[in-house]
Each structure stands twice: as structure tokens, then as C-alpha cells.
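Residue numbers (the numbering used here): 132 to 232. Read the structure below first, then the notes.
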């Protein structure tokens, strides 16, 4: 999967790397003579956090202008959520999204 030089203890995993069928990261030490026989390992916990029931309550009475509040139900598990980011977009899939604020 990847190899880094001694003195480095970080390997970046590229976004969109397929998880299946793997379940662990294994890290071996290596030299020109031998590779460690028992690796350090980490069980991968891949999580998804989706907000639900997004709603907008408009309070601006001018045509073609927005003003009001956006509200949602948080994900069921928020232990890895650090913030919520809200965009305007031209589709529900996020086409031409623009950060609010």
C-alpha cells in the first residue's frame, strides 16, 4: 500500500481509497535484509455522519432574497463531528455549491 523512510511516522491515505475487502492497517519495520514478522496493527473504523431533515424557515419577504434559519437533525453518532458546513447549491447533490457566510 505504501512505504515511507525511517524517521517518518505518517502515511497519507488518499481520499476515495476503497476500504473493501480490508479491515486493518498493518505497519512493519523493514531493512535491506528482512521485514518484521509481526506488524503493529489498527482495526479500521470507517464512520459516516449524515444530518437528517434539513429545513429552511424563510423570514425575508423580498423576492429572490433569502433570510432566515436553516435547521437539521444531527447525525445519530456525532463523536467525530467537529462542525457543520452549510452551502447554497443548484442541486441536492451539491452542484455549483457556495459557502454561506
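Positions of the beta carbon are idealized from the N, C-alpha and C atoms, including for glycine. Bear in mind that the values here come from a model prediction, so they are computed numbers and not experimental data.
Tell me where the beta strand (DSSP E) around residue i begins and ends.
i	result
residue 172	171-174
residue 183	183-189
Can you tell me which of the options puts its alpha carbon nearest to the alpha carbon of residue i?
i	options	result
residue 207	182, 156, 225 and 140	182
residue 197	188, 147 and 203	188
residue 174	158, 231, 136 and 164	158
residue 218	210, 227 and 211	227
residue 180	151, 203, 192 and 171	203
Quick check on DSSP: helix, strand or coil for residue i?
i	result
residue 211	coil
residue 162	coil
residue 200	strand
residue 155	strand
residue 219	strand
residue 142	coil
residue 229	strand
Would the beta-carbon of residue i be found less than 7 Å away from any heavy atom of the ligand NAD?
i	result
residue 220	As presented, the structure is devoid of all ligands, the ligand NAD included, so that no description of it is given.
Taking the straight line between their C-alpha atoms, what separation do you get for residue i and residue j?
i	j	result
residue 162	residue 156	20 Å
residue 140	residue 146	19 Å
residue 213	residue 177	16 Å
residue 209	residue 222	26 Å
residue 216	residue 169	42 Å
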